[in-house]
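Visitor: My numbering numbers the first residue of the sequence shown as 1 and each following residue consecutively.
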Amino acid sequence: MNMEIKIKFWGARGSFPSPREDTVRYGGHTSCVEIRSSDNDLVILDMGTGMIDLGRSMASESNPPTSAHAIISHYHWDHLFGFLGFNPLYNPDFTFNMYGKEDKMEPQEIIQYIQNHTFWPVDMSMLEANINLNDFPDHGLVIDDNISIQSSLHGHPNGANSYRINMHGKTIAYSTDCEHPVDKLNKNVIENARNSDILIHDAQYHSHELSKFRGWGHSSWEQAIEVAKLSNTKKLILFHHDPFRTDDELDEIQENAKKLFPDAIVAKQGMEIIL
Ligand SMILES: [Zn+2]
Ligand SMILES: [Zn+2]
Numbered sequence: 001m002n003m004e005i006k007i008k009f010w011g012a013r014g015s016f017p018s019p020r021e022d023t024v025r026y027g028g029h030t031s032c033v034e035i036r037s038s039d040n041d042l043v044i045l046d047m048g049t050g051m052i053d054l055g056r057s058m059a060s061e062s063n064p065p066t067s068a069h070a071i072i073s074h075y076h077w078d079h080l081f082g083f084l085g086f087n088p089l090y091n092p093d094f095t096f097n098m099y100g101k102e103d104k105m106e107p108q109e110i111i112q113y114i115q116n117h118t119f120w121p122v123d124m125s126m127l128e129a130n131i132n133l134n135d136f137p138d139h140g141l142v143i144d145d146n147i148s149i150q151s152s153l154h155g156h157p158n159g160a161n162s163y164r165i166n167m168h169g170k171t172i173a174y175s176t177d178c179e180h181p182v183d184k185l186n187k188n189v190i191e192n193a194r195n196s197d198i199l200i201h202d203a204q205y206h207s208h209e210l211s212k213f214r215g216w217g218h219s220s221w222e223q224a225i226e227v228a229k230l231s232n233t234k235k236l237i238l239f240h241h242d243p244f245r246t247d248d249e250l251d252e253i254q255e256n257a258k259k260l261f262p263d264a265i266v267a268k269q270g271m272e273i274i275l
């Protein structure tokens, strides 16, 4: 039997949640992507506010996964806040394995920090799941015979990791919160996506906005297309939208992106892709 891989976008927005009338169609939740195989392996990319809805949806499944591997590009709030509202963490039969970009703070310190009672009512001692918090290993992560993940560092304030996920023979590349060097593209990001089935890439800005936002740590959708072409990826997902970008503006980006790379899709909250 051919294993199917489902990729679902629970949050496609960058920086902070943006639920407004003019963001209803593309959604306001911040970055969270579910990768699920048809035999229920679950890998989660980033823990933005979209992860709260993923947890809620898992509770309504007849046969939900009993464990997850969450891979974190970096610990900025828009990639982290969903941890606080992820319901499976209250289930004693659930195992949550988190792997984040190496930081000056230990992963346990970071998660305890956001649960400090000054900021949040619930702390670690009230979560009942089996929770393992780790740095992403330098040499890569082998989850089992069918799932392995590699990382490489790219430019962002305090740095962020790109990931290359191999799952049942398919390759998913993920590069978000990525600022390319001025007038060139980061070679690591291109290599990370080399010949992948799908590339999910930061597309926060238009190219004409890049000079104004130098140092904020993001790409333009045009740069994402260049990376897709140079890496020979099959499908490109434009991701991590600016929180002020409206639905109509994202429609326009979709139209223009398709002219340059026919298999480019602007990520929408709730969108599913089957590989
Ligand atoms: Zn971000
Ligand atoms: Zn960031």
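Here a beta-carbon is modelled for each residue, glycine too, at the ideal position from N, C-alpha and C.
Quick caveat: nothing in here was measured; it's all calculated off a predicted structure.
Among Thr246, Ile111, Asp93 and Leu238, whose alpha-carbon lies nearest the alpha-carbon of cysteine 178?
Guide: Out of Thr246, Ile111, Asp93 and Leu238, Leu238 has the C-alpha closest to the C-alpha of cysteine 178.
Visitor: Are glutamine 204 and glycine 27 touching if we call contact CB-CB under 8 Å?
Guide: Against a cut-off of 8 Å, the Cβ pair of glycine 27 and glutamine 204 comes out as no contact.
Visitor: Would you decide whether serine 175 is buried or exposed? Buried here means 16 or more other CB atoms lie within 10 Å of its CB.
Guide: Buried is the call here.
Visitor: Any idea if histidine 201 is buried or exposed, counting beta-carbon neighbours within 10 angstroms, 16 or more meaning buried?
Guide: Flag for histidine 201 reads buried.
Visitor: In whole angstroms, give me the CA-to-CA distance for asparagine 116 and phenylalanine 81.
Guide: If you take the alpha carbons of asparagine 116 and phenylalanine 81, they lie about 13 Å apart.
Visitor: Based on the DSSP secondary-structure assignment, which residues constitute the bridge partners of valine 142?
Guide: Ser148, per the DSSP bridge assignment.
Visitor: Who's in the neighbourhood of ligand 2, going by beta-carbon under 5 Å from any heavy atom, listed in chain order?
Guide: Taking each Cβ in turn, the ones that pass are His76 and Asp177.
Visitor: Enumerate, from N- to C-terminal direction, the unbroken beta strand (DSSP E) stretches of 3 or more residues contained entirely within the region 49 to 100.
Guide: Fully enclosed beta strand (DSSP E) runs of 3 or longer: 67 to 72 and 95 to 100.
Visitor: What residue range is occupied by the uninterrupted alpha helix (DSSP H) comprising tyrosine 113?
Guide: It spans 107 to 114 - the alpha helix (DSSP H) in which tyrosine 113 sits, taken as one unbroken run.
Visitor: Ligand 1 and aspartate 242: does the residue's C-beta get closer than 7 Å to at least one heavy atom of that ligand?
Guide: Answer for aspartate 242: no, Cβ out of range of ligand 1.
Visitor: Flag this pair as touching only if the region 91 to 100 and the region 131 to 150 have three or more C-beta atom pairs under 8 Å; answer yes or no.
Guide: In short, these stretches touch, since the Cβ pair count reaches three.
Visitor: Output the residue ranges of the beta strand (DSSP E) runs that lie fully inside the region 2 to 51 and measure 3 residues or longer, sorted by chain position.
Guide: You should have 5 to 11, 32 to 37 and 42 to 45.
Visitor: By DSSP's criteria, phenylalanine 313 is part of a beta bridge. Which residues make up the other side?
Guide: This structure gives no information on residue 313, because the portion of the chain shown stretches from 1 to 275.
Visitor: Does DSSP put asparagine 161 in a helix, a strand or coil?
Guide: If DSSP states are grouped into helix, strand and coil, asparagine 161 belongs with the strands.
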